[in-house]
Amino acid sequence: MVQKIVTVYTDDLTGVESDEVQRHTFSLDGVNYEIDLVSDNYDRLFEALAPFIDKGRKTGRAGGGRQARKVPADGPSAEELRAWARKHDYQVNDRGRVPSAIREAYLATN
Numbered sequence: 037m038v039q040k041i042v043t044v045y046t047d048d049l050t051g052v053e054s055d056e057v058q059r060h061t062f063s064l065d066g067v068n069y070e071i072d073l074v075s076d077n078y079d080r081l082f083e084a085l086a087p088f089i090d091k092g093r094k095t096g097r098a099g100g101g102r103q104a105r106k107v108p109a110d111g112p113s114a115e116e117l118r119a120w121a122r123k124h125d126y127q128v129n130d131r132g133r134v135p136s137a138i139r140e141a142y143l144a145t146n
């Protein structure tokens, strides 16, 4: 007998199945949260929290999650970064998270 196990990754926000789903953690009022998101939805989450992250004080890393990226609340959108990257001969995907190296290069020149 042959047994086949299939793992399906699903975005918790939209329910969409994708191989690009990644787990993210965040904390609020002492409660740790975990959510599985595709890159576009993670960008939405980060952009929504960016003004609060920018004004907040770091108290250390919460429960093994990713360290918060310091991005100005009025910084460029993912679409603006992709357009800038292509204009300056960077390789960038049409979807998903824009690599931090591209964001840093953009911020260094603008």
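Heads up, the sequence shown is in the working numbering, so the first residue is 37 and it goes up one at a time. In this text, a Cβ means the ideal position worked out from N, Cα and C, and glycines have one as well. This one's a predicted model, so the numbers in the text were calculated from it and none came from an experiment.
Where the alpha helix (DSSP H) containing Y69 begins and where it ends: First-last for Y69: V67 to L73, but that is the beta strand (DSSP E), not the alpha helix (DSSP H).
Cβ shell of R133 (< 7 angstroms), same chain only, five flanking positions each side left out: S75, Y78 and D79
N- and C-terminal bounds of the alpha helix (DSSP H) containing L117: A114 to K123
Cβ-based neighbour list, A121, same chain, cut-off 6 angstroms, excluding 5 preceding and 5 following: V128 and I138
The alpha helix (DSSP H) enclosing R139, as first and last residue numbers: S136 to T145
Paired residues, beta bridge with T61 - DSSP: E70
Spatial distance of E70 from P112 (CA atoms): 26 angstroms
For D130, the nearest candidate out of V57, T145, A114 and L85 (CA to CA): A114
Alpha-carbon to alpha-carbon, K123 and G99: The predicted position of G99 is uncertain, since its pLDDT is 49 and thus under 50; a value taken from the coordinates is nonetheless stated next. Roughly 39 angstroms separates the two Cα atoms.
Of the residues A119, L81 and E116, the one placed nearest R59, counting alpha carbons only: L81
L73 vs D48 beta-carbon contact at 8 angstroms: yes
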